[in-house]
Amino acid sequence: MQYVGYWSYLLISLVLAVILLFNTFHPPIAMKSALIRSTFENKFKQSPEILVNAPGRINLIGEHTDYNDGFVLPAAIDKSIVFAVGKRTDNLLKFHSVDLDESFEIPLEDLKKSDKSWANYLIGVTKELIDNNHEIPTGFELTFGGDIPLGAGLSSSAAVACGLGFALNELFDLKLDRKDLALIAQKAEHNFAGVNCGIMDMYASLFGVENEVILLDCRDIRHRYFAFDFPDYAIVLCNTGVKHNLADSEYNTRRKECEAGVYLLQQINPEIKSLRDVSVSFFAKHRTKLPLLEMKRCRFVVTEIERVVWGCEALSQGDLRMFGSYMYQTHWGLSGDYEVSCKELDFLVKNTEQSEAVLGSRMMGGGFGGCTINIVRKDVVNDFIKKQTADYKEQFDLKLDCYVVKPSDGVKLV
Ligand code: GLA
C-alpha cells in the first residue's frame, strides 16, 4: 500500500512538473487553451476532440505585393486564437465566441452569410470546404477566442479562418495540406467578407516557424525561410487604434488600379501578366505612358517587389540596419505613391526617424490604420514605448497600445 502511495505521489509530481515546465515556456497558449476548453465543456457538456492554436501575422516587408504576384516577407506571431472543436451527431454548427460572449448556430445544409460578421468567417470556411468537394459529414460545435487585437491589422480574421480549416481537416480527416487550407481560407474571405485580399495573411498563419520569416513568392505560391533571430533587437508594434472606414473599399480599388496599370504596360510588352513581370528599369523607361494615378500605384509596387529581394539579401548578411532602411522606404512609398497611410501612421513613423535605436519603422498591412511595425534595440524598448505613447496622446489625444512580438509557429494542435 505504502509502495502504491509512493508511486502515485511520484506520478502526480511528475505530471505537475511537466505542466509547470510547459507553462513556463508557453504561458499564453496554455492559459488561453484552458479557458477555451472549459467554456466548451460548460456550453456543450462534453470534452472537445481537438484544440487548435492559430496565430496572427506581421509582415516585415512586401506590402500590397501579394495580389500583384510579388514577394512578401511575413511571419506568424505569438498572439493567437485558440479553438476547441468537437463533432455533433446532428447537422448543426454551433459556435461560441469567448471574447465577445456571443453564440451562433446554423444548419450544415443551409450555410449562408449571417449578420454576425465574426460568424461569417466560420460559415465561409465550412462552405468553401463543402463547395470544393470536401465532405463534412456531421455538424460540429466550437468555442474560440484569443489575444490578437481586433482591427489592428494583425489578421485575426485569417487566424480564425485558418484555425477552423485546420481543425476541420483534422476532425474529418480531409487530407488537405497547408497550402490547400490557405487557399480555402482566402476564398472564404473573398466570398464571405467581400475583401479581395491576397494570400499573405493565411499563408503566414499556416506556415509560420519560430524565429523565422517567410519569403513567399505569391506567383507560384512557394516559400523559403530566413532566420530572424537578432538577440539585441525586438519587433514592436504600435497600434494606432484607428481603422478609417475607407480601408476595405480602397483595398479593392488599389487592386483595380494595379490591373489598369498592367493593362497599359501590356500594350508595350504583351508578355507582362502582372506587375511582377515589370522590372524597375523597364518601368522607369515607360512610366510616362501611364496616367499619373496608375503610374504612382505601379511605381510603388514595382519597387516594393524589388525591395523584398534586397531586404532578404540584407537579412542573410545579418545587416538589420540596412533592412530597416528599406522599411522606411516602404512606408513613404505606401504613404506618397500608394496613398494607403493616414496621419496617425505617418506621425508614428516620423517620430522614430531621429532615433539611433530604431532601425526601421513603417505602417503594416492594408493601411488606413492598424499598426506600425518597428525594429527597436532591446535595451530601449520600454523608453521607446513610453515616448511613442506620450507623443501620440499629445498629438491626437488617442491611446496607443504597443506589443512586443516574435516570429512564431503557424497553426498547430495544442
Ligand atoms: C491585407 C491583405 C493582404 C495584403 C496586405 C497588404 O492584409 O489581407 O493580402 O494584401 O493587406 O500587403
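Residue numbers for the sequence shown follow our numbering, so the first one is 6 and each next one is one higher. Cβ coordinates follow ideal geometry from the N, Cα and C atoms, glycine included. Values in this document were obtained by computation on a predicted structure and should not be read as measured data.
Heavy atom of ligand 1 within 7 Å of residue i beta-carbon
i: residue 72; result: yes
i: residue 370; result: yes
i: residue 347; result: no
i: residue 205; result: yes
i: residue 38; result: no
i: residue 64; result: yes
i: residue 4; result: No information on residue 4 is available, as it lies outside the stretch 6 to 419 that the chain covers here.
i: residue 122; result: no
i: residue 407; result: no
i: residue 413; result: no
i: residue 160; result: yes
i: residue 202; result: yes
Presumed contact (8 Å Cβ cut-off) between residue i and residue j, rounded CB distance
i: residue 253; j: residue 199; result: 7 Å
i: residue 78; j: residue 98; result: Residue 78 to residue 98, Cβ: 36 Å. No contact.
i: residue 416; j: residue 57; result: 7 Å
i: residue 54; j: residue 176; result: 6 Å
i: residue 119; j: residue 109; result: 7 Å
i: residue 357; j: residue 338; result: About 17 Å; that fails the 8 Å criterion.
i: residue 141; j: residue 131; result: 6 Å
i: residue 59; j: residue 41; result: With a Cβ gap of about 12 Å, residue 59 and residue 41 do not count as contacting.
i: residue 381; j: residue 362; result: 6 Å
For residue i, the residue or residues it bridges with in DSSP
i: residue 417; result: 58
i: residue 92; result: 145
i: residue 99; result: 110, 146
i: residue 180; result: Residue 180 pairs with nothing; no bridge assigned.
i: residue 221; result: 77, 228
i: residue 257; result: DSSP, once it has assigned bridges, lists no residue as partnering residue 257.
i: residue 243; result: 377, 407
i: residue 363; result: 381
On the three-pair Cβ rule with 8 Å, is the region 72 to 92 touching the region 163 to 174? yes
Three or more C-beta pairs closer than 8 Å, one from the region 135 to 154 and one from the region 198 to 205: is that the case here? no
Cβ contact (3+ pairs, closer than 8 Å) linking the region 236 to 243 and the region 294 to 302: no
Just checking, does the region 372 to 388 make contact with the region 149 to 158 on the three C-beta pairs under 8 Å criterion? yes
Would you check if there are 3 or more beta carbon pairs closer than 8 Å linking the region 209 to 228 to the region 67 to 87? yes
Contact between the region 362 to 369 and the region 390 to 398 (3+ Cβ pairs under 8 Å): no
Touch check for the region 142 to 157 and the region 180 to 193: three-plus C-beta pairs under 8 Å? no
Does the contact criterion of 3 or more C-beta pairs under 8 Å hold for the region 340 to 356 versus the region 312 to 323? no
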